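Below is one structure, written out as structure tokens; the observations come after it.
Residue numbers (this note's numbering): 9 to 153.
Quick look at the structure:
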């Protein structure tokens, strides 16, 4: 498969208050998406160690609200379309990627995009609590026509 690089979404040494970070303004004409990410972030006021894009695997955290159940705490997540200020928590896991429904990204992700998608790609972190201090995040975003 031939991938075309759309962009690199960098974020570093920044305290993030918003639910979502705009990574790519438009995915119009794209059928598949590949995201390759690296970096680390910590949750302000937390005693937990820094997270990587794959989150804190192996941690059982009770009473912590995550956006996607079954996805590790703090993992890199994404959503297609919508705004930077909202997230729709899926009622149950789904195989299909739908507009405005968060999905796990981690350090490597390939997605089949819904037909007719014209909106942006946002990245965020799998925890409702804010702020998040991003030490570094580099997400390379590729597509197929």
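For each residue, glycine too, the CB sits at the ideal point set by N, CA and C. Note that this is a predicted model, so its numbers are computed, not measured.
List the whole-angstrom C-beta distance separating residue 148 from residue 44, where the pair is believed to meet the contact cut-off of C-beta under 8 angstroms.
5 angstroms
DSSP three-state label for residue 134, please.
coil
Give the straight-line distance between the Cα atoms of residue 125 and residue 143, rounded to the nearest whole angstrom.
32 angstroms
Same chain, Cβ closer than 8 angstroms to residue 85, five either side skipped, listed in chain order
75, 76, 79, 110, 111, 112, 113, 131, 132, 133 and 134
Using the beta-carbon count (16 or more within 10 Å), is residue 67 buried or exposed?
exposed
If I measure Cβ to Cβ from residue 13 and keep anything under 6 angstroms in the same chain, skipping five residues before and after, which residues do I get?
150
Own chain, CB closer than 7 angstroms to residue 139, minus 5 neighbours either side, in chain order:
23, 24, 25 and 52
Euclidean distance between Cα positions of residue 121 and residue 129:
11 angstroms
Between residue 65 and residue 81, what straight-line distance do the alpha-carbon atoms span, to the nearest angstrom?
7 angstroms
Pop quiz: residue 46 and residue 61 are said to be a contact at Cβ under 8 angstroms. What is the actual Cβ separation, rounded to whole angstroms?
7 angstroms
Going by C-alpha to C-alpha distance, which of 38, 123, 119 and 31 sits closest to residue 145?
31
What is the residue span of the beta strand (DSSP E) that residue 29 lies within?
29 to 32
Leaving aside the five residues before and after residue 50 along the sequence, list all residues of the same chain whose C-beta is less than 8 angstroms from its C-beta, in chain order.
56, 57, 58, 59, 140, 141 and 143
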